[in-house]
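Residue numbers (my numbering), protein chains in the order written: chain F, 147 to 601; chain A, 19 to 520.
We treat Cβ as the ideally placed atom computed from N, Cα and C, and that holds for glycine.
These numbers were taken from a predicted model, which means no experiment stands behind them.
Since the structure comes first, as structure tokens, the remarks are kept for the end.
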Amino acid sequence: MRMSHYVLPAGMLLSACGSDPTPTAPAAASTGRSIRVEATQHRLANGLRVILSEDHAAPTVSLCVTYNAGSRDEPPGRTGFAHLFEHMMFQGSARVGKGEHFILVQANGGNMNGTTNADRTNYFQTLPSNQLELGLFLEADRMSALAVNAANFENQRNAVREERRLNYDNRPYGRTYEVLLETAYDNFAYKHSTIGAMADLDAAPLEAVQAFYETYYAPNNAVLALVGDFEPDVALKRIRSYFEPIPARPAPPEPDMTEPVQRAERRATLEDDFAQAPRIDIAWKIPPGNTPDWFALGVLGDILADGESSRLYQTLVKRAQVAVEVYGGAQERRGPSLLTLTILTRPGQDLDAVERELDAVVATLQQKPVETWELDKVRLQTRRQLAQQLQSTLTRAVLLAQYAVFYGDPLYINSIEPKTAAVTSGDILRVCRRYLTPDNRTIVRTIPSSRKQKP
Amino acid sequence: MTNAAGRRESPPHARLAIVSMTAVLAGGACPGLLAAPDGKEAPVSQVERKHLAPVSKEVLRVRLPRPVEDRLPNGLRILVLEDHRFPTVQVQLQVGGAGPIHEPADRTGLADLTARMMTESAGGRSSEELARAIASLGAGIEVSAPFGSTDLQLTASGLSDNFDAWFGLVRDILLHPDFPEDEFAKLKKRSAAQLQQQRAQPTFLAHEQIHRSLYGTHPASRVSITEASLASLTTDHLRSWHRDRIVPQRTLLGIAGDLRASELVAKLAQTFGGWTAAGGPEPAAPRPDAVDGPRVTLVDRPASVQSRLVFGGLSVDRRDPDYIPLTVMNRILGGSAAARLFLNLRENKGYTYGVYSRFSALKYPGPWLAQGDVRTEVTAAAVKGFLVEFRRMREEPVPGDELEEAQRSIVASFALSLEKPDQLLGYALVRAIYGLPESYWDDYPASILAVTAADVQRVAKRYLDPARLRVVAVGDAAVTRPALEPLGPVETLDVLGRPIPP
Chain F
147 MRMSHYVLPA GMLLSACGSD PTPTAPAAAS TGRSIRVEAT QHRLANGLRV ILSEDHAAPT
207 VSLCVTYNAG SRDEPPGRTG FAHLFEHMMF QGSARVGKGE HFILVQANGG NMNGTTNADR
267 TNYFQTLPSN QLELGLFLEA DRMSALAVNA ANFENQRNAV REERRLNYDN RPYGRTYEVL
327 LETAYDNFAY KHSTIGAMAD LDAAPLEAVQ AFYETYYAPN NAVLALVGDF EPDVALKRIR
387 SYFEPIPARP APPEPDMTEP VQRAERRATL EDDFAQAPRI DIAWKIPPGN TPDWFALGVL
447 GDILADGESS RLYQTLVKRA QVAVEVYGGA QERRGPSLLT LTILTRPGQD LDAVERELDA
507 VVATLQQKPV ETWELDKVRL QTRRQLAQQL QSTLTRAVLL AQYAVFYGDP LYINSIEPKT
567 AAVTSGDILR VCRRYLTPDN RTIVRTIPSS RKQKP
Chain A
19 MTNAAGRRES PPHARLAIVS MTAVLAGGAC PGLLAAPDGK EAPVSQVERK HLAPVSKEVL
79 RVRLPRPVED RLPNGLRILV LEDHRFPTVQ VQLQVGGAGP IHEPADRTGL ADLTARMMTE
139 SAGGRSSEEL ARAIASLGAG IEVSAPFGST DLQLTASGLS DNFDAWFGLV RDILLHPDFP
199 EDEFAKLKKR SAAQLQQQRA QPTFLAHEQI HRSLYGTHPA SRVSITEASL ASLTTDHLRS
259 WHRDRIVPQR TLLGIAGDLR ASELVAKLAQ TFGGWTAAGG PEPAAPRPDA VDGPRVTLVD
319 RPASVQSRLV FGGLSVDRRD PDYIPLTVMN RILGGSAAAR LFLNLRENKG YTYGVYSRFS
379 ALKYPGPWLA QGDVRTEVTA AAVKGFLVEF RRMREEPVPG DELEEAQRSI VASFALSLEK
439 PDQLLGYALV RAIYGLPESY WDDYPASILA VTAADVQRVA KRYLDPARLR VVAVGDAAVT
499 RPALEPLGPV ETLDVLGRPI PP
């Protein structure tokens with residue numbers, strides 16, 4: 147192979163504006179230059195939305211194609227199908243053989259993957275920038291002409307069954323999150339897990355693959371984000387030549403996401419063959435992401451459960467010593483979301499007493515404003531995490547595409563830091579009183595099964 | 019807030035396990051839909067190459083930036099990489115000789131507990147005060163001494179906006195931990211609960227037994243603190259370990275990010291100037307004995323719906339010349355989703371969600387491991403599948419195209435590391451920690467490209483040696499044992515590691 151020489155340029159992604167975006171921030175916590183991603187938006191004739199974010203700091207490109215399809219679109223009896231379908235997108239298309247996708251990306255120095263959640267499915271790769279054409283070719287070929295056969299479908303059905311066993315059925319607390327969703331939600335869209343029920347995976351018919359593809363995998367139902375070392379005019383031309391010939395199709399049905407108001411506390415208990423100690427999981431229903439209350443709930447969730455400085459860690463793990471681990475926070479969903487907490491108890495605790503400790507922590511947050519250092523913590527941790535995660539062109543591509551699909555606004559990415567910083571202690575009091583009520587919560591207890599092995 | 023990068027969406031289901039090099043193999047007696055154990059009858063799903071994709075044959079050759087290096091009079095080595103793209107700073111610090119490999123056998127967990135206690139209280143701050151101080155500055159500071167490691171590690175990150183403030187906490191955690199009794203008692207209680215919980219995880223059970231099998235009495239055989247050592251260790255033990263082992267002349271401090279290197283080095287000379295050297299150079303890591311023959315170990319985990327399979331041997335230390343051909347061999351065998359194990363056992367056979375191999379080259383020969391979780395019924399076929407791939411590596415020269423793709427994948431992927439200062443710092447630290455030549459990373463691509471099919475076969479024969487192969491399975495023994503018996507006598511253990519009579 148030939149080698150070309152690449153000189154590392156010193157590019158800048160960030161606009162280094164010195165102004166303080168959070169004028170209310172206390173002087174103790176200095177605020178530096180703003181973290182912004184710049185991008186341009188385009189729409190092809192077939193409806194495909196394209197987002198370009200140029201950055202020559204490293205000789206790499208990341209490409210992410212996000213489809214507006216997720217497990218929320220699955221009807222009863224078809225749970226797990228959006229994700230099983232995602233696996234089929236690596237099984238070959240008109241000009242790409244089964245498994246060839248992995249080989250082509252890896253052999254040329256890249257990384258790739260695909261992920262599915264309730265709200266969307268995405269496919270991405272990071273490549274050395276001279277292989278941009280390869281990335282566009284791979285994504286366009288499977289958007290335009292997926293090749294599906296029975297043997298490959300059975301093969302991936304088996305891979306997904308093992309994924310389910312690995313992550314749910316063969317590990318402690320593997321079923322807990324599914325039970326939490328089933329109990330908390332009434333609307334089927336979010337009531338079931340993305341991995342799906344084993345019986346539904348077993349029953350999924352081959353014909354459904356083509357039908358799902360035709361319904362959801364249209365260019366007008368997708369967003370393509372490209373971030374990194376490319377010339378925008380050239381890249382856009384290449385994107386047009388690869389993707390614009392793919393015909394638009396009728397828009398897929400919008401799922402009904404309405405969720406009835408919860409009027410009373412819900413509880414469930416499940417036995418777990420592998421768990422060694424009881425675990426308590428709590429979910430409160432909260433509004434979707436990108437709503438006025440969501441950011442305040444996000445900050446509240448971090449004050450409650452993010453790290454060793456959090457109220458629940460200090461109370462349950464350190465003072466009362468009834469738990470060994472506590473984590474949680476506000477989920478960001480397109481539809482009715484959840485603020486969840488997980489409390490892994492120390493063996494031998496009275497679970498009612500653990501819940502009373504939790505209730506006392508929540509009650510305090512409903513009565514007294516949070517402290518300034520707690521607001522500083524969330525604001526600065528958010529800033530650092532954003533800065534670190536956005537170093538990756540892939541994270542930028544994934545988030546730009548995701549926010550375009552979720553909120554019609556890829557540059558929502560730039561409002562995370564200022565909107566988090568703008569949350570006040572008054573906002574937190576208000577949302578804590580409004581949403582973190584007993585009637586609005588679901589509690590799932592996972593108990594070591596009586597037939598489990600003795601340690 | 020973790021919503022920042024969508025980390026708290028409903029959990030995504032990836033097609034591949036992104037980070038984990040662990041995989042599951044499914045094995046068993048009755049054929050599934052396409053998993054006829056002999057692979058002959060079922061409809062076949064086969065990897066296929068069409069060769070129609072536009073690929074640039076050029077490989078971008080990138081030069082990794084060289085850090086600014088310095089050494090203070092007390093022996094502390096400093097590496098600094100400036101990177102002003104984002105307003106953050108990352109710190110990676112390693113103290114050689116302070117890891118579990120160097121702790122006495124009857125004090126298992128001494129290094130681990132010392133590390134964990136260092137962030138519990140330091141510089142006169144209580145545990146809660148320290149946690150608040152770190153969090154409210156937007157920083158993250160972690161200290162660990164992972165089992166199998168010769169070193170204690172401190173990693174920290176934060177904003178460049180307030181670097182001096184949070185780096186002061188790093189200094190106190192490293193040099194002035196307080197080891198209070200009450201926090202140690204609490205940590206012991208949490209650890210006791212974690213000891214019990216880890217035994218529910220097939221990954222832990224397999225990890226424990228493969229290390230025991232490969233390393234015998236070598237300290238790398240230990241993968242976890244024990245109940246006995248937890249009961250006997252005191253804060254005095256931790257204090258002396260910290261006093262004797264956290265010394266500047268064995269410490270390497272790497273910092274990358276939005277700082278001026280020259281100013282930083284001067285500042286560090288002040289910060290760490292008073293830290294005095296003691297105890298001489300880093301002690302050498304003990305070398306493990308050669309593995310003396312094959313062995314098969316089964317951990318009975320009732321109610322399992324998969325078998326976890328691990329195949330292993332000893333690899334090399336990081337300075338061994340075989341490191342380079344092993345890197346290429348591993349990429350071909352099981353280093354990615356484009357490698358033989360994955361394409362065969364998952365993409366062709368559907369036994370597993372994922373299967374990978376890797377090897378660790380440390381200051382002593384680490385393990386090479388090939389592993390996966392497979393559905394119980396195809397355990398026997400999956401075991402056979404692993405062995406077939408090991409044999410192919412040993413007995414058949416790797417075809418030219420496949421070798422070239424593996425080499426290209428390693429060399430070309432260097433470009434990706436230029437996005438991330440912590441990865442660039444990681445490369446610089448590897449060179450410094452293992453005493454590799456100045457030009458090591460500049461020469462690395464050429465070394466990889468110079469590997470021949472004969473080199474690959476030679477290291478495969480040497481390291482994938484069936485006469486020294488160690489196998490561990492974790493699953494339901496009633497179903498899994500018959501699948502393992504063709505490999506030889508099977509030692510069966512319960513989840514606590516106690517022998518179960520046949």
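- When DSSP states are grouped into helix, strand and coil, residue 297 of chain F belongs to the helix group.
- If only uninterrupted beta strand (DSSP E) runs of at least 3 residues are considered, those enclosed by the segment 263-307 of chain F are 267-274.
- A straight line joining the alpha-carbon of residue 433 of chain A with that of residue 445 of chain A spans about 13 Å.
- Taking the beta carbon of residue 523 of chain F as reference, the chain A residues within 7 Å of it are 153, 154, listed in sequence order.
- In terms of beta-carbon proximity, residue 481 of chain F stays away from the interface with chain A, with every pair separated by 8 Å or more.
- Note that the C-beta distance between residue 258 of chain F and residue 271 of chain F is below 8 Å.
- Contact residues of the segment 200-218 of chain A toward chain F are 204, 207, 208, 211, 212, 214, 215, 217, 218 (C-beta to C-beta distance below 8 Å).
- Chain A places a beta carbon closer than 8 Å to that of residue 539 of chain F, counting this residue as a contact.
- Using a Cβ-Cβ cut-off of 8 Å, residue 356 of chain A counts as an interface residue toward chain F, since at least one Cβ of chain F sits closer than that to its own.
- Boundaries of the alpha helix (DSSP H) around residue 380 of chain F: 378-389.
- Bridge pairing for residue 329 of chain A: A:388, A:489 [DSSP].
- Within the segment 356-374 of chain A, the residues whose Cβ lies closer than 9 Å to any Cβ of chain F are, in chain order, 356, 357, 360, 361, 364, 365, 366, 367, 368, 369, 370, 371, 372.
- About 11 Å separates the beta carbon of residue 303 of chain F from that of residue 344 of chain F, a gap too long to meet the 8 Å contact definition.
- Below 8 Å, enough C-beta pairs join the segment 74-94 of chain A and the segment 269-285 of chain F to call them touching: three or more.
- Secondary structure note for residue 375 of chain A: its beta strand (DSSP E) is the uninterrupted segment 370-379.
- With the criterion set as a beta carbon lying under 8 Å from some beta carbon of chain F, the members of the segment 77-90 of chain A are 77, 78, 79, 80, 81, 83, in sequence order.
- The three-state secondary structure of residue 473 of chain F, taken from DSSP, is strand.
- With 16 or more other Cβ atoms from the protein chains shown falling within 10 Å of its own Cβ, residue 520 of chain F counts as buried.
- For residue 192 of chain F, not one C-beta of chain A is nearer than 8 Å to its own C-beta.
- Of the other Cβ atoms in all chains shown, fewer than 16 fall within 10 Å of the Cβ of residue 514 of chain A; this residue is therefore exposed.
- Residues of chain F whose Cβ lies closer than 9 Å to the Cβ of residue 324 of chain A are, in chain order, 308, 311, 312, 315, 316.
- If you ignore the 5 residues before and after residue 183 of chain A, its C-beta comes within less than 8 Å of the C-beta of 155, all in its own chain and listed in chain order.
- Contact with chain A is found for residue 519 of chain F, since one of that chain's Cβ atoms lies less than 8 Å from the residue's Cβ.
- The beta carbon of residue 391 of chain A falls within 8 Å of a beta carbon belonging to chain F, placing the residue at that interface.
- With fewer than 16 other Cβ atoms from the protein chains shown falling within 10 Å of its own Cβ, residue 509 of chain F counts as exposed.
- In the structure shown, the three-state DSSP call for residue 444 of chain F is helix.
- Against residue 284 of chain F, the close residues of chain A are 71, in the order they occur along the chain (beta-carbon pairs closer than 9 Å).
- When Cβ-Cβ separations below 8 Å define contact, residue 176 of chain A makes contact with chain F.
- With three or more CB-CB distances shorter than 8 Å, the segment 332-347 of chain A counts as touching the segment 380-388 of chain A.
- Near chain A, meaning a CB-to-CB distance below 8 Å, the residues of the segment 395-425 of chain F are 419, 420, 421, 422, 423.
- For residue 179 of chain A, a Cβ of chain F is located within less than 8 Å of the residue's own Cβ.
- Interface flag for residue 179 of chain F against chain A is set, since a Cβ pair is found closer than 8 Å.
- Distance from the CA atom of residue 335 of chain F to the CA atom of residue 401 of chain F, rounded to whole angstroms, is 8 Å.
- Taking the beta carbon of residue 244 of chain F as reference, the chain A residues within 8 Å of it are 63, 64, 65, 66, 365, listed in sequence order.
- In chain order, 494 place their CB closer than 7 Å to the CB of residue 320 of chain A, counting only its own chain and leaving out the 5 sequence neighbours on each side.
- In this structure the segment 353-371 of chain F touches the segment 387-399 of chain F; the number of beta carbon pairs closer than 8 Å is three or more.
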